[in-house]
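Q: Supplied in structure tokens, the structure appears directly below.
Numbering (our numbering), first residue to last: 7 to 317.
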């Protein structure tokens with residue numbers, strides 16, 4: 007679910023104003039940053055990206071580091087000659103506040119009203135700041151609880167600016183029982199998006215028997231975020247299609263030498279994923295949501311001891 011707001015581009019004598027660049031858009035409110043691309047990734051061209059126009063196809067995810075939970079999406083609708091801001095529901099209170107400030111400033115710059123797709127109501131640059139987003143968040147939280155009870159699902163995933171945030175029925179009940187449900191949900195969501203730990207990435211391989219193997223890596227001394235029970239994450243669903251993962255493995259990596267040198271990291275064991283988690287001491291990890299855990303950096307000796315129990 008989401009709410010989409012449209013803001014018409016400024017009309018000129020001959021056509022419309024030039025579409026804003028990414029850099030111009032991010033300058034419309036304090037501390038805005040993009041979360042669509044990893045700027046540390048090899049080959050990322052920052053100059054080309056920030057000078058490019060707001061996309062017609064797809065979108066750019068915008069938020070504030072350390073503050074946003076899900077951010078908001080921005081694109082340009084070429085057919086309608088309008089900017090579109092999409093706020094996912096539910097989103098954190100801060101997500102809404104940042105999005106509304108952005109829209110207010112954009113509408114003031116363009117001299118255009120803001121139209122919400124939920125009721126086609128029109129807002130000016132000041133009225134949008136009073137948009138009742140708390141009702142939207144509460145409605146979706148209650149709808150999520152109803153969905154849990156009706157469909158007997160185990161988990162519900164909100165995709166945040168940096169990682170998935172997974173809720174279960176117990177978490178929803180805790181949120182709705184709080185004196186400030188919106189604040190509780192916002193705190194739980196945002197806290198998972200800005201952790202000072204490495205988020206391990208899924209890898210997939212095909213063995214000689216044609217089976218798909220899922221793999222995660224856990225390195226010595228590195229605080230790491232991992233699912234307690236692995237599953238195919240959203241970005242990999244299309245890659246695998248209908249194929250099932252036959253086996254999940256965890257590759258254990260030790261540091262031999264300078265920890266700033268990639269060549270110092272050497273795998274020493276591959277263990278069944280679920281067995282490793284079953285033997286991981288409870289004081290070495292904590293759940294950050296219903297699915298993901300944060301493992302405190304393990305020594306090589308600790309990893310070897312756990313691996314020995316997985317044989």
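The beta-carbon is built from N, C-alpha and C at its ideal position, and this holds for glycine as well.
Taking buried to mean at least 16 other C-beta atoms within 10 Å of its own C-beta, is residue 244 buried or exposed?
A: Of the residues assessed, residue 244 falls on the exposed side of the cut-off, its CB having fewer than 16 other CB atoms within 10 angstroms.
Q: Out of 71, 250, 227, 216, which has the shortest C-alpha to C-alpha gap to residue 261?
A: 227
Q: In whole angstroms, what separates the C-alpha of residue 19 from that of residue 113?
A: 19 Å
Q: Let me make sure I understand the geometry here. Which of 257, 78, 288, 251 has the alpha-carbon closest to that of residue 310?
A: 257
Q: Quick check: what's the CA-CA separation for residue 223 versus residue 271?
A: 11 Å
Q: Which same chain residues, not among the five before or five after residue 10, have their C-beta less than 6 Å away from its C-beta?
A: 90, 92, 123
Q: Using a Cβ distance threshold of 8 Å, determine whether the region 91-109 contacts the region 24-41, with at least three qualifying pairs required.
A: yes
Q: Can you name the residues that DSSP bridges to residue 254?
A: According to DSSP, which records beta bridges pairwise, residue 254 is partnered with 220.
Q: Where do the ends of the alpha helix (DSSP H) carrying residue 19 lie?
A: Looking at the DSSP string, residue 19 is not in any alpha helix (DSSP H), and its letter there is neither H nor E.
Q: Taking residue 79 as the reference, give the member of 129, 165, 175 with the closest Cα.
A: Of the candidates 129, 165, 175, the residue whose Cα lies closest to the Cα of residue 79 is 165.
Q: Just how far apart, CA to CA, sit residue 175 and residue 159?
A: 9 Å
Q: From 187, 186, 199, 136, pick the residue whose C-alpha is nearest to that of residue 363; which is it?
A: Residue 363 lies beyond the residue range present for the chain, which begins at 7 and ends at 317; the question has no answer from this structure.
Q: Within 10 angstroms of the Cβ of residue 76, are there 16 or more other Cβ atoms? Answer buried if so, exposed if not.
A: buried
Q: At which residue ranges does the region 88-154 contain complete beta strand (DSSP E) runs of 3 or more residues, listed in the order of the chain?
A: 88-94, 120-122
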